[in-house]
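In terms of the UniProt record's numbering, the sequence shown opens at residue 1 and continues consecutively.
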Amino acid sequence: MTKTLPHSVDILCIGSVLWDMIGRCPSHMSQGADVPGRITRLPGGVAMNIAMTLARFGLRPILLTAVGQDAEGRDLISACSGLGLNTDHVYVSQDLPTDRYMAIEGANGLIAAIADAHSLEAAGDKILRPLSDGQLGSETAPYDGPVALDGNLTLQLLEQIAQSPLFAKADLRVAPASPGKAERLMPLLRNNRATLYVNLEEASLLCHQNFDDAPTAARTLVEKGAARVLVTNGGETAAEARVGQLLTACPPKVLVTRVTGAGDTFMAAHIAAETQGADSQAALEKALQTAAIYVSGETPL
Numbered sequence: 001m002t003k004t005l006p007h008s009v010d011i012l013c014i015g016s017v018l019w020d021m022i023g024r025c026p027s028h029m030s031q032g033a034d035v036p037g038r039i040t041r042l043p044g045g046v047a048m049n050i051a052m053t054l055a056r057f058g059l060r061p062i063l064l065t066a067v068g069q070d071a072e073g074r075d076l077i078s079a080c081s082g083l084g085l086n087t088d089h090v091y092v093s094q095d096l097p098t099d100r101y102m103a104i105e106g107a108n109g110l111i112a113a114i115a116d117a118h119s120l121e122a123a124g125d126k127i128l129r130p131l132s133d134g135q136l137g138s139e140t141a142p143y144d145g146p147v148a149l150d151g152n153l154t155l156q157l158l159e160q161i162a163q164s165p166l167f168a169k170a171d172l173r174v175a176p177a178s179p180g181k182a183e184r185l186m187p188l189l190r191n192n193r194a195t196l197y198v199n200l201e202e203a204s205l206l207c208h209q210n211f212d213d214a215p216t217a218a219r220t221l222v223e224k225g226a227a228r229v230l231v232t233n234g235g236e237t238a239a240e241a242r243v244g245q246l247l248t249a250c251p252p253k254v255l256v257t258r259v260t261g262a263g264d265t266f267m268a269a270h271i272a273a274e275t276q277g278a279d280s281q282a283a284l285e286k287a288l289q290t291a292a293i294y295v296s297g298e299t300p301l
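The structure is reproduced here in structure tokens:
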């Protein structure tokens, strides 16, 4: 039987939880630039960013991920717990290091980034054990709540999840980790339980064609089998589509001071809004507003 979840826990967040090393400069940057700025280390990763935003909305996420049994891993678990995130089911590896992400941002946006999520990839389906051993669910009594799933998992594991009886009743909310990993989501494109959250570039990669706007991209993804999809396009019109329905909304105009984590913030805010009873249009608008506040550098809520 599925173990009854604590009342305060509302969603599983599966994927990357790591340390973000972000260098930010307030001026325009080009390739080879050597400029003054600030370098920060913060808890990050797609699953982590989503979980942090969900927690700020009053939800209590459970993290399913992998960290190393090293100083960085212990610090990360401590930081997650301090943010109100449930780490009881995190897979702690004896021999894999804690993953890291490094990015450089200027006033003109993201300059470059490298995601080192090799330990998460190496851990594979070990991170899913709580969904099969009765802690959070089993094949005969699968977890039936919302799941935020990120594309830092391997293609093999995402294919497994798309077909697994462990997720047969889950409300899957799926985001690519980056445009470079967008095509890993192909196994979930035709999953009738999945909602995909992508930006315009990621939509283009999934469809193998270029799009000029989010509504066209969203409609095309549905035509290709997606049950439901949300497509963002920076400061331009965003769209949500499913069969027979297309919704659009424009994000507020703000001065962009950071971009890393913006898509994760959008996804989490949308999930939180729907969890709290908002209709589709209101949830889309709330998510865009929250993401705009985030990229402006102000308080996320």
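Every residue, glycine too, gets a C-beta built ideally from N, C-alpha and C. Computed from a predicted structure; not experimentally measured.
Straight-line gap, residue i to residue j (C-alpha atoms, nearest Å)
i, j, result
"Asp150", "Val174", "6 angstroms"
"Ile11", "Arg24", "32 angstroms"
"Gly15", "Val67", "11 angstroms"
"Ala55", "Met48", "10 angstroms"
"Ile143", "Arg129", "Here residue 143 turns out to be Tyr, not Ile, going by the sequence shown. Distance between the alpha carbons of Tyr143 and Arg129: 12 angstroms."
"Leu83", "Leu188", "30 angstroms"
"Gln276", "Ala287", "13 angstroms"
"Pro176", "Val17", "14 angstroms"
"Trp19", "Leu246", "37 angstroms"
"Val229", "Ser178", "16 angstroms"
"Asp213", "Thr65", "34 angstroms"
"Lys126", "Phe57", "29 angstroms"
"Val222", "Tyr197", "12 angstroms"
"Ser164", "Ala141", "12 angstroms"
"Asp279", "Glu285", "10 angstroms"
"Cys207", "Ala162", "19 angstroms"
"Val90", "Leu120", "11 angstroms"
Proximity of residue i and residue j at Cβ, strictly below 8 angstroms
i, j, result
"Ala283", "His270", "yes"
"Val254", "Ala227", "no"
"Gly137", "Leu172", "no"
"Asn199", "Gly263", "yes"
"Gln94", "Gln135", "no"
"Ala238", "Thr232", "yes"
"Met29", "Ile111", "yes"
"Pro215", "Gly235", "no"
"Ser296", "Thr260", "no"
"Asn86", "Ile50", "no"
"Asp116", "Asp99", "yes"
"Met21", "Met102", "yes"
"Arg190", "Ala170", "no"
"Leu96", "Ala71", "no"
"Gly73", "Val92", "yes"
"Ala272", "Leu59", "yes"
Exposure of residue i, with buried meaning 16 or more beta-carbon neighbours within 10 Å
i, result
"Val35", "exposed"
"residue 311", "Absent from the structure is residue 311, since the part of the chain shown begins at 1 and ends at 301."
"Gly225", "exposed"
"Asp133", "exposed"
"Ala168", "exposed"
"Thr40", "exposed"
"Gly106", "buried"
"Thr265", "buried"
"Ser81", "exposed"
"Thr195", "buried"
8 angstroms Cβ cutoff, residue i in contact with chain C
i, result
"Ile14", "Absent from the structure is chain C; it holds one protein chain and no more."
Per DSSP, the bridge partner or partners of residue i
i, result
"Ser93", "Gly68"
"Ile22", "Thr40, Ala103"
"Glu236", "Asn233"
"Asn152", "According to DSSP, which records beta bridges pairwise, Asn152 is partnered with nothing at all."
"Asp88", "According to DSSP, which records beta bridges pairwise, Asp88 is partnered with nothing at all."
- prompt: With a cut-off of 8 angstroms, do at least 3 Cβ pairs link the segment 181-188 to the segment 151-159?
  reply: yes
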